[in-house]
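Novice:
Residue numbers (my numbering), protein chains in the order written: chain A, 1 to 404; chain B, 1001 to 1404.
Here it is in structure tokens:
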């Protein structure tokens, strides 16, 4: 299992950032410094775009104390990109990799980034270029196949849980219908995290809508009306990716922008929240209806992260380097959960094509039958991933007898 | 200066919540328990609406340990309301106050709430009803007259500073134009806080727009273009209250909802962000343009608060009770800053009509001449109010020489 491939290493980041994506970068760089097979450690700026433009930085020249602080700084320290290489790009990239004698390639990202790594790796094999290639997982969507969960999810889920706890208190203060739009293109894991801070039955979120279940405006209005008549208020968490029966995102009626992977823009707009808000206002005749779209705060808010998520993000970077250097492997590092009582994980290299391109959805056991809330099974799954939530407390509220 | 008025006390919360509004409630209740002049301590649910409906809870029956946790729980523990009493309401309220022998009245809120307290107090005088009445300040907008700053502002400003720090990192990762819409109906204090986490020249926010300066679409587009061509990206913080030369809110082109104080709905919609985003996309032909509206997160996010803000919020509650009970005063408690080198404040009772109804704006020395950023004077003013921000760090980024 030893590996004698010597050369330079390059590492890059791709796709939407997370709060812990630099943990993986720093974990990989610190590990790489230990191995004599790796000579130079290059960071490519803005993913494969940086390779094509030969925009590299020398990561061996970074001070260790700074690196450790960068690990706790949200978003891609090397810059990111959303770009799928064309076959011409691949030809060009190989010329550049050869020129710089790059033999170790690490790409931190989600399913699209795994696809990019896979394309490059397949091309390397075809061209007979000796090359170790690892995808290092990250996505707040938690939708990578083969993984129990992905780095970035725990911290984003913690942010969402906290934000919704606050929104519940706000909605209790000034009752009405409140709609929170939460990220998640195809998978409902993040919107589901809205439930993780709920303390009492009457607390919100009262309803959660997932991309996995066809969204019906009629059912939605019926649900909201029911909760509103019971509690005099209603807090709803909605995934930005909710789609109709035909699988078309509800938001695509408003937005037409797509990236080179063919993804429709879902975030960075309040359109979906405003549409749903308008619907409740007009159809249910409820006065106070508000919508907030949490947007990029979910993946970039400094200071709020899950300890376990930060640790795992660091370790997948570290282990990808070990597997490439010590065992001469290619692939992606998957996080698997041990089937034991207290939370514990192990890491497993898996083939690139098993995580590339296609995503996974929430298991159906995580969504209730009505398709409008999570199950206890989801809570048990997700709680260990987010760490400690802030404590909130309520007055006992002993009523005063009315005087005559 | 002694006061022998004996009777029951009522306390209520009104207007938009803050993260520290319960500090004031708990400060007042714990103080009130010490004074024999105060017999029962009633909490009215949902402000004056709770008085009109006689929905009171017995705050003496709350456990001290729970109260102390409630103090750190965001949003109005008693529930809030947006309601200006009519003259009929006032007649009704006095009947109820007399029936419950309420002689001490404390109303936690902003300028609209001070107005409500003022109306009640004027009516009490007119009717010859012996009555001590205090407004306890709170508003994330920081726009109460007579105050150096208001409880709730420091914590909301900290949230905004942190969110924008994260957005700067996100925007650096995936460059483009990013617009963050921040609360603040008439005053730019909160949007100005976007600058408080900025570390280096190239960091965002690059531009800040205030309700105090007429917003011109042409000037805005020119500013964005200039920043974008310099840094390849641009992060903009915009107040929800930006208005045209005629003083009409830009957002009022889209939204028509108003409350009983005559305020147009500005929050709980992504419309303004989306409008500005569309403008940049179409007029400047920039591909990646995103907008986030921070919305209610700014006033309700649990766990993020400024220590100094929490302490001051507690103390204004405590001192209002002292001034009413020990000195027999009516009024509002204003926070004044001592003119000394290190940050320090004192509290001063001021007449209700001096803080009621009208708000104050940002002093012009806090806004730069171009009207698109804050001055150092603002930074010096605001930094002591928000406490410690999380540390973020950047790679040194030593470029690798290009190989031939």
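Glycine is no exception: its CB is placed at the ideal position from the N, C-alpha and C atoms.
Is the separation between the beta-carbon of residue 1237(B) and that of residue 1191(B) shorter than 7 Å?
Specialist: Yes; because the gap between Cβ atoms is below 7 Å, this pair is in contact.
Novice: Expressed to the nearest angstrom, what Euclidean distance is found between the alpha-carbon atoms of residue 1282(B) and residue 173(A)?
Specialist: 40 Å
Novice: Can you confirm whether residue 76(A), when its beta carbon is compared against all beta carbons of chain B, has any partner nearer than 7 Å?
Specialist: yes
Novice: Is residue 15(A) helix, strand or coil by DSSP?
Specialist: coil
Novice: Closer than 9 Å, Cβ to any Cβ of chain B: which residues of the region 386–400 of chain A, in chain order?
Specialist: The region 386–400 of chain A vs chain B, Cβ under 9 Å: 389, 390, 391, 392, 393, 394, 395, 396, 397, 398, 399 and 400.
Novice: Quick one: does residue 56(A) have its CB under 7 Å from some CB of chain B?
Specialist: For residue 56(A), the answer is yes, since a Cβ of chain B falls inside 7 Å of its Cβ.
Novice: Could you work out which residues of chain A lie near residue 1301(B), taking near to mean beta carbons separated by less than 7 Å?
Specialist: Neighbours of residue 1301(B) on chain A, chain order: 162, 163 and 166.
Novice: Taking Cβ-Cβ distances shorter than 9 Å, what residues in chain A pair up with residue 1066(B)?
Specialist: 393, 394, 395 and 396
Novice: Under the assumption that residue 104(A) contacts residue 30(A) (Cβ atoms under 8 Å), give the Cβ distance between them as a whole number of angstroms.
Specialist: Their Cβ separation, rounded to whole angstroms, is 15 Å, which puts residue 104(A) and residue 30(A) out of contact at 8 Å.
Novice: Ordered along the chain, which non-local residues of its own chain (more than five positions away) have a Cβ less than 6 Å from that of residue 53(A)?
Specialist: none
Novice: To the nearest angstrom, how far is it from the Cα of residue 1394(B) to the Cα of residue 66(A)?
Specialist: Taking the CA atoms as reference points, residue 1394(B) sits about 8 Å from residue 66(A).
Novice: Under the assumption that residue 1090(B) contacts residue 1108(B) (Cβ atoms under 8 Å), give the Cβ distance between them as a whole number of angstroms.
Specialist: With 8 Å as the limit, residue 1090(B) and residue 1108(B) do not qualify as a contact, their Cβ atoms being about 19 Å apart.
Novice: Does DSSP put residue 1439(B) in a helix, in a strand, or in coil?
Specialist: For residue 1439(B) there is no data in the structure shown, the boundaries of chain B being 1001 and 1404.
Novice: Would a C-beta distance cut-off of 7 Å place residue 1075(B) and residue 1300(B) closer than the cut-off?
Specialist: yes
Novice: Please determine, among 145(A), 138(A), 85(A) and 156(A), the residue with the shortest C-alpha to C-alpha distance to residue 121(A).
Specialist: The shortest C-alpha separation from residue 121(A) is found at 85(A).
Novice: If residue 187(A) sits next to residue 359(A), beta carbons under 8 Å apart, how far is it from one beta carbon to the other, in whole angstroms?
Specialist: Their Cβ separation, rounded to whole angstroms, is 6 Å, which keeps residue 187(A) and residue 359(A) in contact under 8 Å.
Novice: Quick check: the region 1359–1369 of chain B against the region 1327–1338 of chain B, are there 3 or more CB pairs under 8 Å?
Specialist: no
Novice: Interface residues of chain A around residue 1285(B) at Cβ under 8 Å?
Specialist: Going along chain A, no residue has its Cβ under 8 Å from residue 1285(B), so there is no contact; the nearest lies around 13 Å.
Novice: Which class does residue 177(A) belong to by DSSP, given the choice of helix, strand or coil?
Specialist: Three-state result, residue 177(A): strand.
Novice: When you compare the CB of residue 1112(B) with every CB in chain A, is at least one pair closer than 7 Å?
Specialist: no
Novice: State the Cα-Cα distance for the pair residue 1133(B) and residue 1219(B), rounded to the nearest angstrom.
Specialist: Looking at the two C-alpha atoms, the distance is approximately 47 Å.
Novice: Give every residue of the same chain whose Cβ lies closer than 7 Å to the Cβ of residue 157(A), excluding the five residues on either side of it in the sequence, and list them in chain order.
Specialist: 190, 193, 196, 382, 385 and 386
Novice: Whose Cβ in chain B lies nearer than 9 Å to the Cβ of residue 169(A)?
Specialist: 1017, 1073, 1074, 1075, 1076, 1077, 1300 and 1302
Novice: Is residue 1349(B) closer than 7 Å to residue 1323(B) when the C-beta atoms are compared?
Specialist: Yes, Cβ-Cβ distance for residue 1323(B) and residue 1349(B) is below 7 Å.
Novice: Going straight from the alpha carbon of residue 1331(B) to that of residue 1337(B), what length do you get?
Specialist: 19 Å
Novice: Could you say if the region 1042–1062 of chain B and the region 1001–1015 of chain B meet the contact criterion of at least three C-beta pairs nearer than 8 Å?
Specialist: Taking 8 Å as the limit for Cβ pairs, the verdict is that the region 1001–1015 of chain B does touch the region 1042–1062 of chain B.
Novice: Below 8 Å on the Cβ atoms is my guess for residue 1181(B) versus residue 1273(B); work out the distance and round it to an integer in Å.
Specialist: Contact between residue 1181(B) and residue 1273(B) holds: their C-beta atoms lie close to 4 Å from each other, under 8 Å.
Novice: List, in chain order, every chain B residue whose beta-carbon is nearer than 8 Å to that of residue 70(A).
Specialist: 1393, 1394 and 1395
Novice: With the cut-off set at 7 Å, would you say residue 408(A) and residue 335(A) are in Cβ contact?
Specialist: Coverage of chain A is limited to positions 1 through 404, which leaves residue 408(A) absent and any answer about it impossible.
Novice: Which residues mark the beginning and the end of the beta strand (DSSP E) in which residue 1110(B) is found?
Specialist: From DSSP, residue 1110(B) is part of no beta strand (DSSP E); its letter is neither H nor E.
Novice: Would the beta-carbon of residue 1221(B) fall within 7 Å of that of residue 1168(B)?
Specialist: no
Novice: Opposite residue 1010(B) in the DSSP bridges: which residues?
Specialist: 1042(B) and 1105(B)
Novice: Tell me the DSSP secondary structure of residue 1094(B) in three-state form.
Specialist: helix
Novice: Let me check one thing: in DSSP terms, what residues is residue 132(A) bridge-paired to?
Specialist: 104(A)
Novice: Do we get a CB-CB distance below 7 Å when we pair residue 1100(B) with the residues of chain A?
Specialist: Using a Cβ-Cβ cut-off of 7 Å, residue 1100(B) counts as an interface residue toward chain A, since at least one Cβ of chain A sits closer than that to its own.
Novice: Under a Cβ-count criterion, where at least 16 other Cβ atoms within 10 Å of its own Cβ denotes burial, should residue 153(A) be classed as buried or exposed?
Specialist: It is buried - the Cβ of residue 153(A) has at least 16 other Cβ atoms within 10 Å.
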